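So in the working numbering, the last spot in the sequence shown is 229, and the numbers never skip.
Written out below as structure tokens is the structure these notes cover.
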Amino acid sequence: MAANPDFIYQPPMSPYLDIIYQDDDLVVINKGSGLLSVPGRLPEHQDCLQSRVSRVLPKATIVHRLDMATSGIILMALNKPAHVNVSRQFEKRLTKKSYIARVYGEVKESNGSIDLPLICDWPNRPKQKVDYDQGKKALTYWRVISIDERQGELSTLLELTPITGRSHQLRVHMLAIGHPILGDRLYAHDKALSVSQRLQLHAQLLEITHPVNSESRVFTAPCPFK
């Protein structure tokens with residue numbers, strides 16, 4: 004049973020590839036919304052960020068992913084030592100990630116946290132769901148940036164900081180507190196879906212320790228919506 008049966012993959016073509024940083028060990032890309040991070044199973048799902056980068060940097064390997072509908076910062080490694088080093092930073096939660104999201108409704112508090120365990124909603128995959136018994140720990144901090152009215156509906160712009168990196172974590176956590184992300188084809192109700200043609204979730208910042216010189220490096224990409 005597909006959670007999104009009417010989906011047709013139409014990856015963005017402009018910009019085709021937005022490289023914002025490159026050295027001998029790392030390449031950092033600003034991924035567009037609607038582009039897969041890695042190839043899907045079907046032939047029509049082979050165009051993805053990984054394949055586009057490979058055309059110009061054949062040795063590049065994916066270290067982490069973003070959901071297809073999410074835009075923003077993705078880092079890839081250009082050699083095996085760099086891949087091992089940065090992968091370990093992600094696994095040990097030594098990286099820092101920050102996202103911008105526009106969610107449905109008015110978030111009343113100015114900041115807070117969501118600590119709800121997540122698991123795959125298997126009959127409705129790729130959806131995830133909150134599961135207190137078998138779910139894996141998932142923690143998100145949030146902060147209100149602004150509250151606005153769009154098309155007669157109140158919405159809130161948030162800064163989201165995930166501490167864990169579960170699949171669809173930010174999307175399910177926002178849904179769980181009653182504020183689905185605008186344009187979310189998997190989780191938003193009709194009103195939140197109709198306000199935006201894209202998922203309004205953007206990975207705006209990634210901070211890592213450089214695998215060679217151990218310096219802290221911060222990469223940012225401006226939010227394409229607000």
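All C-beta atoms in this analysis are idealised placements derived from N, C-alpha and C, irrespective of residue type, glycine included.
Model, not experiment: these values are computed from the prediction.
Residue i burial status per 10 Å Cβ neighbour count (16 or more: buried)
i, result
"Ile184", "buried"
"Asn33", "buried"
"Phe10", "exposed"
"Trp145", "buried"
"Val175", "buried"
"Pro165", "buried"
"Met4", "Low per-residue confidence applies at Met4: pLDDT is 40, beneath 50, and the placement is therefore not dependable enough to give any value."
"Val89", "buried"
"Asp151", "exposed"
"Leu45", "exposed"
"Lys95", "exposed"
Candidates the options: closest to residue i by CA position
i, options, result
"Thr212", "Ser17, Leu29, Pro18 and Asp21", "Leu29"
"Pro225", "Arg96, Ser199, Asp21 and Ile65", "Asp21"
"Gln1", "Tyr12, Ala104 and Glu112", "Summary: the structure shown does not reach residue 1, with the chain confined to residues 4 through 229, and so no result is reported for it."
"Ser217", "Thr223, Glu112 and Gln92", "Gln92"
"Gly155", "Ser17, Ser90 and Gly108", "Gly108"
"Asp27", "Asp118, Pro214 and Leu189", "Pro214"
"Leu52", "Arg188, Val41 and Pro46", "Val41"
"Arg201", "Arg55, Arg220, Phe228 and Leu209", "Phe228"
"Ser113", "Val147, His192 and Cys123", "Val147"
"Val31", "Arg44, Glu162 and Ile77", "Ile77"
"Lys140", "Ala85, Asp187, Ser170 and Asp151", "Ser170"
"Lys83", "Gln131, Ala63, Asp136 and Lys95", "Ala63"
"Leu81", "Tyr190, Val66 and Leu209", "Val66"
"Ala195", "Arg220, Asp70, Glu210 and Leu157", "Leu157"
"His192", "Arg44, Leu209, Val106 and Gln172", "Val106"
"Arg153", "Pro126, Gln203, Trp125 and Gly138", "Gln203"
Span of the beta strand (DSSP E) around residue i
i, result
"Leu34", "Looking at the sequence provided, one finds Lys at residue 34 rather than Leu. Segment Leu29 to Lys34, the beta strand (DSSP E) holding Lys34."
"Pro84", "Not the beta strand (DSSP E): Pro84 falls in the alpha helix (DSSP H), residues Lys83 to Glu94."
"Ile103", "Lys99 to Tyr107"
"Val133", "Gln131 to Val133"
"Leu121", "Leu121 to Cys123"
"Ser116", "Asn114 to Asp118"
Supposed close pair residue i, residue j - CB separation, criterion 8 Å
i, j, result
"Thr159", "His182", "7 Å"
"Leu38", "Pro18", "Rounded, the Cβ-Cβ distance is 10 Å, inconsistent with contact."
"Ile117", "Thr143", "5 Å"
"Met79", "Val56", "6 Å"
"Ala179", "Leu119", "5 Å"
"Gly274", "His205", "Only positions 4 to 229 of the chain appear in this structure, which leaves residue 274 out of reach."
"Ile122", "Lys132", "6 Å"
"Leu173", "Leu163", "5 Å"
Every unbroken beta strand (DSSP E) within the segment 14-82, with a cutoff of 3 residues, ordered by chain: List check, beta strand (DSSP E) in window: 22-25, 29-34 and 74-80.
Length-filtered (3 minimum) beta strand (DSSP E) runs lying within the segment 184-221: Listed in chain order, the complete beta strand (DSSP E) runs (minimum 3 residues) inside the segment 184-221 are 204-212.
Every unbroken alpha helix (DSSP H) within the segment 153-180, with a cutoff of 4 residues, ordered by chain: The segment 153-180 contains these whole alpha helix (DSSP H) runs: 172-179.
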